[in-house]
Structure formats: structure tokens, C-alpha cells
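Take a look at the structure set out below.
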Amino acid sequence: MKIIVGTRGSKLAVTQTNWVIDKLKEKNPSVEFEVKIIKTKGDIIQNVSLDKIGDKGLFVKEIEQQLIDGDIDMAVHSMKDMPSSLPHGLKFAGIPKREDPRDVLILKEGYSSIEDLPQGATIGTGSKRRKHQLLKHRPDLNIVPIRGNVDTRIRKIKDENLDGIVLAASGILRVGLEDKISCYLPTDIVVPAPAQGALAIEIREDNYQVEVVVNSLRDELTELQVSAERGFLDGVNGSCHIPMGAYCEVKEDGIKLTGLFGDEEGKRLIIKSIEGDKDSPRELGKELAKLVLKEYEKYEG
Numbered sequence: 001m002k003i004i005v006g007t008r009g010s011k012l013a014v015t016q017t018n019w020v021i022d023k024l025k026e027k028n029p030s031v032e033f034e035v036k037i038i039k040t041k042g043d044i045i046q047n048v049s050l051d052k053i054g055d056k057g058l059f060v061k062e063i064e065q066q067l068i069d070g071d072i073d074m075a076v077h078s079m080k081d082m083p084s085s086l087p088h089g090l091k092f093a094g095i096p097k098r099e100d101p102r103d104v105l106i107l108k109e110g111y112s113s114i115e116d117l118p119q120g121a122t123i124g125t126g127s128k129r130r131k132h133q134l135l136k137h138r139p140d141l142n143i144v145p146i147r148g149n150v151d152t153r154i155r156k157i158k159d160e161n162l163d164g165i166v167l168a169a170s171g172i173l174r175v176g177l178e179d180k181i182s183c184y185l186p187t188d189i190v191v192p193a194p195a196q197g198a199l200a201i202e203i204r205e206d207n208y209q210v211e212v213v214v215n216s217l218r219d220e221l222t223e224l225q226v227s228a229e230r231g232f233l234d235g236v237n238g239s240c241h242i243p244m245g246a247y248c249e250v251k252e253d254g255i256k257l258t259g260l261f262g263d264e265e266g267k268r269l270i271i272k273s274i275e276g277d278k279d280s281p282r283e284l285g286k287e288l289a290k291l292v293l294k295e296y297e298k299y300e301g
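In UniProt numbering, the protein residues as written are 1 to 301.
Here it is, written out as C-alpha cells:
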């Protein structure tokens, strides 16, 4: 059996895909894998901020088309890049164990935490979610937009004279740059993107052979968190134009879900938490979305 795996060509995307393939080979030694690199709209347009060139799906649509056409058998994505609903005929197979979901600061020499930064320090991020939460914690910061892969963004600290940048911990850890991390941002300061740190393995709905292979990596705890967080994403109908985040903590007696929703300028930023049982994580996400939107509209009024 041979499985053709589609992925973006960035260092992180290829690293993630090879990680999945290595894990799958351990569980399914008789299966052969081939990687196919596919360029997406988000890869091609590098000089414009994400919220100006489209919506969620910027990094997945071209890959999904090849999956629908049968040119590839499965695709590996970052789950946080996935829109809340998938094209007809496609589905997620089992989700592997999640990497650290938090965001991190990579700072220039001499600084080691967000509190260390001087008044008016310049921090680079392309994310409104990160920008507005950092400004809520430190209103004096100067947040500037940056794009590019992990290495490019790290280089920009020196090239563009930044004091630091914000990135997802998972990407830094996966490409082996843990030593670059200055500090982890606690989830009560910066709520992560829904399903940040989790990988999405997308397949055709009718491809049961590939589904069986992929499901050998399934991690139930991760699936629980992703289900709750994406339930919230779906409930608020989130896009990359607005600050929006969700983080699910799994406890012994249930789950706690925190959701973030705001306007483009970050003038309104609603953060709420809700607790529920483990049996209906997606429903809990949708319930939290209703509460947050109700609060948002009240604030608007």
C-alpha cells in the first residue's frame, strides 16, 4: 500500500509531515509513503498581512483540491489553519498528540520576559489575536506586522530592529529551535488560537484504508481539546480578520474552556470561561460561543 501525502513546502510544514509519516511507519511498517509539496495562496502572497488577503483556508484550499481530485491520499496541516467546516467529501482522520499549545516570545538579547521589555518596545506579529491580548497586558507596546516562516521571522528581530516576536510554541519546538524561546506566554495572558499545536490529517470520507492507517496515531485527549476549541470557533464563525482564541483544559472531573472574541481594532475584547463534562466538548464550545457573542453584543450596545 502506498499513500501520497500532501503538504505545504515551508520548513515547518515539511517537518510536521515527516513527523507524522515517521510515526505512521512505526505503527504500519508495510505502508509506503510519498510526500508531495503543494503551494497555497498563503505561501505565494508573502508581502501582505493575512487578514488582508482572505480568510481561513489560505494555507489549505489548493491542498484540499488535490485531495478531492485524488492526486494525494491524505494531507497534513496545522489544525489552527483549518476553517470551521471542510469541503464536501473530506474529513479529519484521528488527531495525533498535541504539541504545546501556548504562544512564546522570542526576544533580542538582554530580555527574558514580557515584563522585562522597556516602555514602547517593538514586537512583531501578524496575528490580531496576539496583538490585542499583548496590548491588553502591556498597552505601551508597539506591535508591528510581520509575515514569513519561522526562520525569516526570527531574522527580522535583527533586520528590522525589533525587540521581539510572538510565535506558536509548537512550531518552534517542532523545528528544533527551543533554545530561541525567551519565555512562554501563559494562557491567561494570551489565549491560544483554537487547536494551536494540534495537527490535522485530512482524508477523503470514503478512503477507509487510509483512515485505518491514520487512526493508529489517534490521541483521545487531543481530540477532546480540539473538539471543544473548534466548537467555539464554529460557534463564533471566526475568521483571521478578528482576534479570536480558545483553550481547553482537561481536568479529572471535566473540562474548562476559555474563549476570546473581539473586534478588528481590539477595542472590544471578550474573554470568558465555562466548565462542562467530557462527553460533549463540541457542544460546550458552542455554548461558550453563545455566551461570548451575547456579551459582545451587549458591549456593542
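Yeah, the Cβ is synthetic: ideal placement off N, Cα and C, and Gly gets one too.
Secondary structure of H77 (DSSP, three-state): strand. Looking at the DSSP output, I4 bridges to E34. Taking 8 Å as the cut-off, the Cβ atoms of S78 and L199 count as close. Note that the stretch 243-263 touches the stretch 283-295; at least 3 beta-carbon pairs, one per stretch, sit closer than 8 Å. If the five residues before and after R130 are omitted, its C-beta is found closer than 7 Å to the C-beta atoms of D103, V166, V190, all from its own chain and listed in chain order. Inter-segment contact for the stretch 177-193 and the stretch 101-119 is present: three or more beta-carbon pairs are separated by less than 8 Å. Note on geometry: alpha-carbon atoms of Q209 and E62 lie some 23 Å from one another.
Annotation: P96 to D234 spans about 21 Å, alpha carbon to alpha carbon. Nearest in C-alpha terms to I38, of all of N237, V76, N28, is V76. Proximity of the stretch 221-230 to the stretch 102-122 falls short of the contact definition, fewer than three beta-carbon pairs being nearer than 8 Å.
Assigned with DSSP and collapsed to three states, D103 falls in strand. Within the same chain, Cβ atoms closer than 6 Å to the Cβ of L288 are found at F232, L257, G259, I274, the five residues on either side in sequence being excluded. An exposed status is given to L221, since fewer than 16 other beta-carbon atoms sit within 10 Å of its beta-carbon. Here DSSP, grouped into helix, strand and coil, assigns S112 to coil. Inclusion of L90 and L105 in the CB contact set at 8 Å is not warranted, their separation being larger than that value. Of the candidates S182, G6, I21, G6 places its Cα closest to the Cα of T40. Classified as exposed, P29 has fewer than 16 neighbouring CB atoms from the shown chains inside 10 Å of its CB. Excluding five sequence positions before and after K27, the CB atoms of its chain that fall closer than 6 Å to its own CB belong to S216, given in chain order. Ranked by Cα distance from Y296, the options V31, R218, I203, V236 are led by V236. Counting other Cβ atoms within 10 Å of its Cβ, S10 reaches 16 or more and is therefore classed as buried. Within 10 angstroms of the beta-carbon of K267 lie fewer than 16 other beta-carbons, which makes it exposed.
If you compare the alpha carbons of M82, K158, M244 with that of E109, the shortest gap goes to K158. In the DSSP annotation of this structure, the continuous segment of the beta strand (DSSP E) that includes K91 starts and ends at 90-92. Here Y299 is exposed: its Cβ has fewer than 16 other Cβ atoms, across all protein chains shown, within 10 Å. At a Cβ-Cβ threshold of 8 Å, I4 and D73 count as neighbours.
For the stretch 142-166, the full-length beta strand (DSSP E) segments reaching 3 residues or more read 142-144 along the chain. When I172, E160, L134 are compared, the shortest CA-CA separation from D151 is found for I172. The continuous stretches of beta strand (DSSP E) do not include S182, and DSSP gives it neither H nor E.
In terms of Cα proximity to N142, the closest of S280, K128, Q119, Y247 is Q119. Excluding residues up to 5 positions away in sequence, I189, V190, V191, P243, G245, L260, L269 lie with their Cβ nearer than 8 Å to the Cβ of Q133 in the same chain.
The C-beta distance from A93 to I203 rounds to 5 Å, short enough to fall under 8 Å.
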